[in-house]
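Novice: Starting off with a structure, shown below.
In the working numbering, the protein residues as written are 14 to 224.
As structure tokens, this is what we get:
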């Protein structure tokens, strides 16, 4: 796809977005889930699809907000270019020029890349809030979620996802598989208790009738 096609598609997307204003009266819900992003080398990485794969519950929301929070102090999140990977490389180059290593940082016990990582994380921020429309993130055609990894040798990064909004199906509440199993076991446990209660009443009635 050339640049002119990209701009035309982007323009169409924005006009469609502007004409989709509406009011939904439906059941509202909250959902929260912690996910892990795989370890990445130092730099800027597009992670939109990696996040979406781990949050299928998003599809249950008709309209709402998705809050994405990184639970670390040496990496950050951004919403920016998803089309040209050169943009991410240029961003890393600029961050390194703005916040260089080798300055007389007092906090240096974890290596020369540590304090610059904290500064970069403050500049870019630790969270994003993205609209949800019809079960999808309502972002621009050429926007994507960036994980900005500021350490040379980082591990997996934890992300907390919070969804809030109106459900597409008002009779359905978004739950993780584990939550569903716990609730099912809870219900079955109460059913068993009810069965025992009814059985005890029946036995008592029989004994009273017999004697």
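Backbone N, C-alpha and C define an ideal beta-carbon position, used for all residues, glycine too.
Only counting the same chain, and skipping five residues up and downstream in sequence, which positions put a Cβ closer than 8 Å to that of residue 113?
Specialist: As a working mapping, residue 113 is identified with position 100 in the chain shown. For residue 113, where only same-chain residues beyond five positions count, the Cβ hits under 8 Å are 129.
Novice: Could you pull out every unbroken beta strand (DSSP E) segment of at least 3 residues lying fully inside the segment 38-108, listed in chain order?
Specialist: Here the runs fully enclosed are 41-50, 56-59, 74-83 and 88-94.
Novice: For residue 152, count the other beta carbons within 10 Å of its own beta carbon; 16 or more makes it buried, fewer makes it exposed. Which is it?
Specialist: On the chain shown, residue 152 is found 139 positions in, with the first residue counted as 1. Residue 152 should be labelled buried.
Novice: Can you find a C-beta in chain C that's less than 8 Å from the C-beta of residue 148?
Specialist: Looking at the structure shown, chain C is missing, and only one protein chain is on hand.
Novice: Flag this pair as yes or no: are the beta carbons of residue 71 and residue 81 separated by less than 8 Å?
Specialist: Numbered from its first residue, the chain shown carries residue 71 at position 58. Numbered from its first residue, the chain shown carries residue 81 at position 68. It is not a contact, given that the beta carbons lie outside the stated cut-off.
Novice: Mark residue 52 as exposed unless 16 or more other C-beta atoms lie within 10 angstroms of its C-beta, in which case mark it buried.
Specialist: What you label residue 52 is simply residue 39 of the chain shown in a count that begins at 1. Per the 10 Å Cβ criterion, exposed.
Novice: Please name the residue in 187, 168, 172 and 148 whose C-alpha comes closest to that of residue 159.
Specialist: In the chain shown, residue 159 corresponds to position 146, counting from 1. With distances taken between Cα atoms, residue 159 lies closest to 172.
Novice: Buried or exposed, going by whether 16 or more other CB atoms sit within 10 Å of the CB of residue 84?
Specialist: Within the chain shown, the letter at position 71 stands for residue 84. Flag for residue 84 reads exposed.
Novice: Could you round the C-beta distance between residue 6 and residue 133 to whole angstroms and report it? I think they count as a contact, below 8 Å.
Specialist: Past the boundaries of the shown model lies residue 6; the chain is included only from 14 to 224, so the question cannot be answered.
Novice: Is residue 135 helix, strand or coil when you go by DSSP?
Specialist: Along the chain shown, read from residue 1 onward, the residue named residue 135 stands at position 122. Looking at residue 135 - three-state DSSP - the assignment turns out to be helix.
Novice: Name the one or two DSSP bridge partners that residue 142 has.
Specialist: Translated into positions along the chain shown, residue 142 becomes position 129. 80.
Novice: May I have the straight-line CA-CA distance separating residue 98 from residue 55, to the nearest angstrom?
Specialist: Mapped onto the chain shown, residue 98 falls at position 85. Mapped onto the chain shown, residue 55 falls at position 42. Computed Cα separation, rounded: 15 Å.
Novice: Pull up the distance between the alpha-carbon of residue 121 and that of residue 180, whole angstroms please.
Specialist: For the purposes of this step, residue 121 is taken as residue 108 along the chain shown, with counting starting at 1. For the purposes of this step, residue 180 is taken as residue 167 along the chain shown, with counting starting at 1. Each residue's Cα considered, the two are about 48 Å apart.
Novice: At the level of alpha carbons, what is the spacing between residue 161 and residue 58?
Specialist: Position 148 of the chain shown, counting from 1, holds the residue named residue 161. Position 45 of the chain shown, counting from 1, holds the residue named residue 58. Each residue's Cα considered, the two are about 6 Å apart.
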